[in-house]
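Participant: Here you go, one structure.
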Amino acid sequence: MKNALNQPRQLSLGRKMGRHWQFYVIVALPMLYFIIFKYVPMYGVLLAFKRYRVSQGIWNSPWVGLYQFEKFFKNPSSLKIMFNTFSLSMYALVSSIPLAVILAIALNETGSKVWRKSVQMVTYAPYFISTVVMVAILMQFLDPALGLFNAIRASFGKDSMNFMGEAHLFKHIYVWSALWQNTGYNAIIYLAALTGINPELYEAAKVDGVNKFQKIWYVDLPSIKNTIVIMFIMNMGFVMSLGFEKAFLMQNPLNLQSAEIMSTYVYKMGLINSDFSYSTAIDVVNSIINIVLILTFNHIAKTKNKEGGLW
Amino acid sequence: MHYKRKALVTDRVFSLVVNSFLFISLVIVLYPLLYIVSCSFSEPQAVMAKKVWLFPVNFDLVSYKAVFTNKQIGTGYMNSLYYMVTGTVMSVLLTMLLAYPLSRKEFYGRSVVTKLILFTMLFTGGTIPLYLVVRNLGIYDSRWAIILPNAITVWNVIIARTFLQENISDELYEAAEIDGCSDIRFLVSFVFPLSGAIVAVLALFYAVGQWNKYFDALLYLQKQALYPLQIVLRNILIINRNTPSMTVDVEAAIRAQGLSETIRYAVIVVASVPLLVIYPFVQRFFVKGVMIGSVKG
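For the protein sequence lines, the chains are A and B, in the order given. So in the UniProt record's numbering, the last spot in the first sequence is 311, and the numbers never skip. So in the UniProt record's numbering, the last spot in the second sequence is 297, and the numbers never skip.
Quick look at the structure:
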């Protein structure tokens, strides 16, 4: 036993696995989960190339090649749906990161500890509100007759407005409510990165006589640059899958033309219209765009900065 | 001397900018929350007349009485508690069972396993294939359909693995191995007792996720008796918003509508209270989790 420990590299494959066979017992259950709920559904992707008939099952349903994909791309509203998804995600992405970074820097710079803790605690709180409640709050506040926003408008002598019914307002309402809800939470990671900055850098900056604005620009931001890039790429991974739950709840017939996104369309085609094959094909298109985006941005991040990529 | 004074001025401007920004952020986040709470405690007529701006007007508990006597909300609460507790226990256990072998270099094949699970982050079968799997397993329209299909989050596995790598030393593992401790025994006697912090973090992440989730229930549940709170809330707060009043008497209709407004605010408060009450106590764990998660690799 002790000899074997001293020369682990000379062990054969079978002995390496055999000595720690219990690891395989331990991972069996979680791996079973991944096989059943992640890998078996991947087999279901075949649906996208078939015309699914319940009685025949996935394998025996007739092949139709790329028919379902053609159907999607020939549909005049498809382009609009892809555009909605992409623009909504990008809007959310480019507004959420800078705001979270600014909040983190402000929290890091304020003198009083009590004040910092209080602001942090309050701005963090909405993160715990569920999506359903969040959308309900939006509807209460934006209600044409009784909502707070229209009460404020009325006090300035303006007419009441049906915010949720205006298609062009949908993405602003979506994004700004998300900023309200998540900025405090998103700031944590940058705040952590800021507190981890080597104090010597600040000393050096002080010797050079920089003021506080310059300190942020020349010390803080470059130090947390990698964290920002990683967060950006990670969020890129969710660009096309983003926000089903919230968008779905916010939809109504009036705003649908800008509120319909890939995931809500998949749900409607698949589970409401029961067109399983078509719905799966749209999901595949969605996944491919997603993968291409994340790989592209990771590549860009890596060419700009060796440490910048996610992998 | 002149230069120093200039620096002092910019620093003062700086701290003014910083603190005003923080103050504005505080007000923007806090005001809507206060407004909701105040409306829920106000007399319905006062809310209808738009008299509520900051504090409750004509303090009234009538909306809360209506909420607490609502059967659907009661069942939803109990169901959500059930899903949260059982789902969290199961998820944390499965996550730790996967993270522990992945944290040990003695586990031959760990890079293959890591790649297999990371791949599921990038590519999934999608909504319909998963739906068919759930149906074929015979767990459709049962409590299992809420707990099982999303039991493990890959991101949480990575967080747990990173924590274990950093907190359970190789020396400890080797010492235990020399003393004849098996891998399962090591998991039970060392890993779990030493992982209080990460178990707390995982439990929080999973519990919050489970409590706030509604889509799985929409996909996989038909029996109303199994509905979690979020589905009940969706029906009360979002779907039934614009149901026209059947009452002919205008006065009564307006009063009923006023009550339904304050009831909505009360429902929002009641539904959010459990997490908002515990979060100041769990905040540091959350911060810890996010920070472990941010470690690259």
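Positions of the beta carbon are idealized from the N, C-alpha and C atoms, including for glycine.
(1) Enumerate, from N- to C-terminal direction, the unbroken alpha helix (DSSP H) stretches of 4 or more residues contained entirely within the region 69-131 of chain B.
(2) Note down the Cα distance separating ALA225/B from SER91/B, rounded to an integer number of angstroms.
(3) Going by the DSSP bridge assignment, what does LYS50/A pair with across the sheet?
(4) Can the beta-carbon of PHE55/B be found less than 8 Å from the beta-carbon of SER38/B?
(5) Is the distance from the Cβ of VAL47/B to the Cβ of GLY258/B below 8 Å?
(6) Please state whether DSSP places LEU88/A in a helix, a strand or coil.
(7) Please name the residue in GLY126/B, LYS213/B, PHE21/B, LEU122/B whose C-alpha comes closest to that of TYR267/A.
(8) Would you mind telling me which residues of chain B sit closer than 7 Å to PRO30/A, beta carbon to beta carbon, in chain order?
(9) Chain B beta carbons: is any one of them nearer than 8 Å to that of TRP176/A?
(10) Identify the continuous alpha helix (DSSP H) that holds LYS50/B and give its terminal residues.
(11) For the region 129-147 of chain B against the region 175-189 of chain B, are there 3 or more C-beta pairs whose distance is under 8 Å?
(12) What are the boundary residues of the alpha helix (DSSP H) that includes LYS16/A?
(13) Look at the alpha carbon of ASP283/A and the alpha carbon of MET31/A, and state the distance between them as a whole number of angstroms.
(14) How about THR88/B and ALA207/B: are their beta carbons less than 8 Å apart?
(15) Using a cut-off of 8 Å between C-beta atoms, extract the partners of VAL133/B located in chain A.
(16) One question on the structure: do THR227/A and THR183/A come within less than 8 Å of each other, judged by their Cβ atoms?
(17) Relative to the C-alpha of GLU260/A, which residue among PHE83/A, ALA178/A, GLY157/A is closest?
(18) Taking buried to mean at least 16 other C-beta atoms within 10 Å of its own C-beta, is LYS71/B buried or exposed?
(19) Output the residue ranges of the alpha helix (DSSP H) runs that lie fully inside the region 230-304 of chain A and measure 4 residues or longer, sorted by chain position.
(20) Mind checking if GLU260/A is an interface residue toward chain B, Cβ cutoff 8 Å exclusive?
(21) Between which two residues does the alpha helix (DSSP H) containing VAL216/B stretch?
(22) Please report the distance separating the alpha-carbon of VAL112/B from that of PHE163/A.
(23) So, ILE97/A versus PHE297/A, is the Cβ gap smaller than 8 Å?
(24) Please list, in chain order, the residues of the region 36-50 of chain B that have any C-beta partner in chain A closer than 9 Å.
(25) Comparing alpha-carbon positions, which option in ALA192/A, THR303/A, ILE288/A, SER279/A lies nearest GLY44/A?
(26) Quick one: which chain A residues come within Cβ less than 8 Å of LEU26/B?
(27) Are residue 319/A and VAL133/B touching if we call contact CB-CB under 8 Å?
(28) Identify, in the order they occur along the chain, each residue of the same chain with its Cβ nearer than 7 Å to the Cβ of VAL248/B, setting aside the five sequence neighbours on each side.
(29) Between the C-alpha atoms of ILE291/A and LYS304/A, what's the straight-line distance to the nearest angstrom?
(30) Find the residues of chain A that neighbour ALA264/B, judging by a C-beta separation of less than 8 Å, and give them in chain order.
(31) With 8 Å set as the bound, which would you pick, yes or no: does the beta-carbon of ASP283/A sit closer than that to a beta-carbon of chain B?
(32) Which first and last residues belong to the alpha helix (DSSP H) in which TRP217/A is found?
(33) Closer than 9 Å by beta-carbon distance: list the chain A residues that pair up with ARG234/B, in chain order.
Facilitator: In terms of the structure at hand:
(1) Counting only runs of at least 4 residues, the region 69-131 of chain B fully encloses the following alpha helix (DSSP H) elements, listed from N- to C-terminal order: 71-103, 110-122.
(2) In the second sequence, counting from the first residue as 1, residue 225/B sits at position 225. In the second sequence, counting from the first residue as 1, residue 91/B sits at position 91. Each residue's alpha carbon lies about 24 Å from the other.
(3) To locate residue 50/A, count along the first sequence from 1; it is residue 50. In the DSSP output, where bridge partners are listed per residue, LYS50/A has TRP63/A.
(4) As a working note, residue 55/B is residue 55 in the second sequence. As a working note, residue 38/B is residue 38 in the second sequence. Going by C-beta atoms, PHE55/B is nearer than 8 Å to SER38/B.
(5) Counting from one through the second sequence, the residue named residue 47/B turns up at place 47. Counting from one through the second sequence, the residue named residue 258/B turns up at place 258. With respect to the 8 Å criterion, VAL47/B and GLY258/B are classified as neighbours on the basis of their beta carbons.
(6) The count along the first sequence starts at 1 and reaches residue 88/A at position 88. Helix, per DSSP.
(7) Locating residue 267/A in the first sequence gives position 267, where the first residue counts as 1. Selected option, being the one with the closest Cα: GLY126/B.
(8) Locating residue 30/A in the first sequence gives position 30, where the first residue counts as 1. Here the neighbours are LEU94, LEU97, LEU98, ILE152.
(9) Within the first sequence, numbered from 1, the residue matching residue 176/A stands at position 176. By this cut-off, TRP176/A is not an interface position.
(10) For this step, residue 50/B is matched to residue 50 along the second sequence. Here LYS50/B belongs to no alpha helix (DSSP H), and DSSP marks it neither H nor E.
(11) Touching, no.
(12) Mapped onto the first sequence, residue 16/A falls at position 16. Run containing LYS16/A: 13-19, per the alpha helix (DSSP H) assignment.
(13) In the first sequence, the residue the question calls residue 283/A occupies position 283. In the first sequence, the residue the question calls residue 31/A occupies position 31. Cα-Cα distance, rounded: 24 Å.
(14) For this step, residue 88/B is matched to residue 88 along the second sequence. For this step, residue 207/B is matched to residue 207 along the second sequence. For the 8 Å CB-CB criterion, THR88/B and ALA207/B form a contact.
(15) Position 133 of the second sequence, counted from the start, is the residue given in the question as residue 133/B. For the C-beta of VAL133/B, the chain A residues within less than 8 Å are, from N- to C-terminus, ILE36, PHE37, VAL40, PRO41, GLY44.
(16) If you number the first sequence from 1, residue 227/A lands on position 227. If you number the first sequence from 1, residue 183/A lands on position 183. No.
(17) As a position in the first sequence, residue 260/A is number 260, starting the count at 1. Ranking the options by Cα distance to GLU260/A, first place goes to PHE83/A.
(18) In the second sequence, residue 71/B corresponds to position 71, counting from 1. By the neighbour-count rule (16 or more Cβ atoms within 10 Å), LYS71/B is not buried but exposed.
(19) Listed in chain order, they are 244-250, 256-259, 262-267, 276-304.
(20) Within the first sequence, numbered from 1, the residue matching residue 260/A stands at position 260. With a threshold of 8 Å between beta carbons, GLU260/A makes no contact with chain B.
(21) Indexing the second sequence from 1 puts residue 216/B at position 216. A quick correction: the sequence has Asp, not Val, at residue 216/B. Boundaries of the alpha helix (DSSP H) harbouring ASP216/B: 215-220, taken from the DSSP string.
(22) For this step, residue 112/B is matched to residue 112 along the second sequence. For this step, residue 163/A is matched to residue 163 along the first sequence. Spanning the two alpha carbons is a distance of roughly 51 Å.
(23) By one-based count along the first sequence, residue 97/A stands at place 97. By one-based count along the first sequence, residue 297/A stands at place 297. Taking 8 Å as the cut-off, the beta carbon of ILE97/A is found no closer than this to the beta carbon of PHE297/A.
(24) Correct list: ILE36, CYS39, VAL47, MET48, LYS50.
(25) The residue you call residue 44/A lines up with position 44 of the first sequence. Per the C-alpha coordinates, the member of ALA192/A, THR303/A, ILE288/A, SER279/A positioned closest to GLY44/A is SER279/A.
(26) Residue mapping note: residue 26/B aligns to position 26 of the second sequence, counting from 1. From the beta-carbon of LEU26/B, the residues of chain A found nearer than 8 Å are SER118, VAL119, VAL122, THR123.
(27) The requested residue 319/A does not occur in the structure, where chain A is confined to residues 1 to 311.
(28) Along the second sequence, read from residue 1 onward, the residue named residue 248/B stands at position 248. Since pLDDT at VAL248/B reaches only 47, below the 50 mark, its modelled position is unreliable, and no value is offered.
(29) If you number the first sequence from 1, residue 291/A lands on position 291. If you number the first sequence from 1, residue 304/A lands on position 304. LYS304/A has its alpha-carbon roughly 20 Å from the corresponding atom of ILE291/A.
(30) Here residue 264/B corresponds to residue number 264 of the second sequence, with the count starting at 1. A small correction: the amino acid at residue 264/B is Arg; Ala does not occupy that position in the sequence shown. Close partners of ARG264/B in chain A (Cβ separation under 8 Å): ALA136, GLN140.
(31) One-based indexing of the first sequence puts residue 283/A at position 283. Yes, its Cβ sits closer than 8 Å to a Cβ of chain B.
(32) Stepping through the first sequence from its first residue, residue 217/A is reached at position 217. No alpha helix (DSSP H) contains TRP217/A, which DSSP labels as neither H nor E.
(33) The count along the second sequence starts at 1 and reaches residue 234/B at position 234. Going along chain A in sequence order, the residues near ARG234/B (Cβ under 9 Å) are VAL132, VAL135, ALA136, LEU249.
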